[in-house]
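Heads up: the structure comes next, in structure tokens.
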Amino acid sequence: MSRIIAFSIVIMAMFVSGCSQQLQRQTCVKLTPEVNYCLAPMLQSPTNNEQLLSQKISFTHGEKHHELLTQLELNSTQMTLVGLAPIGQALFTVTFDGDEVISQQNVLMGEDFKAEYLMAIMQLIYWPHEQVNPYFNQGEMHDIDCTKQRCSALIVNDQQAITIDYSNTNPWLAEVILHFPAANITLSISPLL
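When you read off a place in the sequence shown, starting at 1, and then add 5, the result is the number in the numbering used here.
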């Protein structure tokens, strides 16, 4: 089933290429007024196998609510994130090769859509803390106590700037809820198996 979803996402991304624009994006993002995060290198695993994760993302910003389907693909040289509207319309394909971020996005998304922020959030959720922490100008990710299976937070000046709740100790299998109070954002991610 996940291979069918993956194949469908790739096909849809190919169809949208006629009405999309390619933009080179920054590899560093401002998470809070005092915290910058630069995308970390590719995830290093003992096997260096390709990792593929199809997800449903519910995104709330203030009173606005959006949903999209994504596919996150990782290998030893590249991170790729493809986004589709719930009706299947391709919205964006963003890749990071360790040096630069290239976003191919539907013109309807507008130039204000910054796919590199979504890439950064994915790294904070799925990368081990020791791999992302060197790429903050200040602050660090830490596991914190909570009532869920696992919780982590970006700690800045002894405050939790971002919190992440996991339904499973393995983030790749977990339903994830990310709270980002400074940006008034809540992100809920459900893996599609």
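Cβ coordinates follow ideal geometry from the N, Cα and C atoms, glycine included. These numbers were taken from a predicted model, which means no experiment stands behind them.
As the crow flies, the alpha-carbon of residue 156 is around 22 Å from that of residue 56.
Taking a contact to require three or more Cβ pairs closer than 8 Å, the stretch 66 to 75 and the stretch 141 to 160 do not qualify as touching.
Taken in chain order, the complete beta strand (DSSP E) segments of 3 residues or longer contained in the stretch 140 to 175 are 145 to 148, 155 to 161, 164 to 171.
The beta carbon of residue 159 lies closer than 6 Å to those of 144, 146, 166, 167 in the same chain, with the five residues before and after it left out. Residue 121 carries a helical assignment under DSSP once its states are collapsed to helix, strand and coil. Ranked by Cα distance from residue 111, the first of 105, 104, 95 is 95.
Boundaries for residue 76: no alpha helix (DSSP H) harbours it, while the beta strand (DSSP E) harbouring it runs 69 to 79, taken from the DSSP string. Of all C-beta pairs linking the stretch 129 to 137 to the stretch 98 to 108, fewer than three are shorter than 8 Å, placing the two stretches out of contact. Linking residue 162 to residue 187 through their CA atoms gives a straight-line distance of about 14 Å.
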